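Chemist: Mind looking over this structure? Questions follow.
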Amino acid sequence: NSGYWVKTWPGAEDVEIHDIDKNPWARPVHGWTVCDKDKKRCQIMIMKNADRACVEQHERRHAAGYDHPDYLESLSCMR
Numbered sequence: 027n028s029g030y031w032v033k034t035w036p037g038a039e040d041v042e043i044h045d046i047d048k049n050p051w052a053r054p055v056h057g058w059t060v061c062d063k064d065k066k067r068c069q070i071m072i073m074k075n076a077d078r079a080c081v082e083q084h085e086r087r088h089a090a091g092y093d094h095p096d097y098l099e100s101l102s103c104m105r
């Protein structure tokens, strides 16, 4: 096991954060990141009822080029 965070791409130069009311999944998700790696841009989606500081810190790692391929979900920000 290489650890939780694995560098998978160079990361974004432009990051936008959006506060949202609903997620597209049936399970509880507090935040996620969508990136256009060719354009080096990411959008971070954070649920309005989430622990914003925790979720933003986690999702900014994704925008910086890291992923957790051996772990499907992160439970670090669950209330």
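In terms of this note's numbering, the sequence shown is residues 27 to 105.
Built from N, CA and C at the ideal position, the CB exists for glycine as well.
Since we're looking at a predicted model, the values are computed, not measured.
Would the segment 95-104 and the segment 65-73 be scored as touching if the rule is three or more Cβ pairs under 8 Å?
Modeler: Taking 8 Å as the limit for Cβ pairs, the verdict is that the segment 65-73 does not touch the segment 95-104.
Chemist: Just to confirm my understanding: we take arginine 67, look at its own chain, exclude 5 residues before and 5 after, and list those with CB closer than 6 Å. What are they?
Modeler: So the list reads Ala38, Asp40, once near-sequence residues are dropped.
Chemist: Who are tyrosine 92's beta bridge partners in DSSP?
Modeler: Tyrosine 92 is bridged to Lys33.
Chemist: Report the rounded CA-to-CA distance for isoleucine 43 versus glycine 91, giving the unit in angstroms.
Modeler: Looking at the two C-alpha atoms, the distance is approximately 16 Å.
Chemist: Can you tell me the Cα-Cα spacing of valine 55 and arginine 86, whole angstroms?
Modeler: Each residue's Cα considered, the two are about 16 Å apart.
Chemist: Just verifying my parser: in three-state terms, what is the DSSP assignment at valine 60?
Modeler: If DSSP states are grouped into helix, strand and coil, valine 60 belongs with the strands.
Chemist: Let me confirm a value: threonine 59 is counted as buried when at least 16 other C-beta atoms fall within 10 Å, else exposed. Which label applies?
Modeler: By the 10 Å Cβ count, threonine 59 comes out buried.
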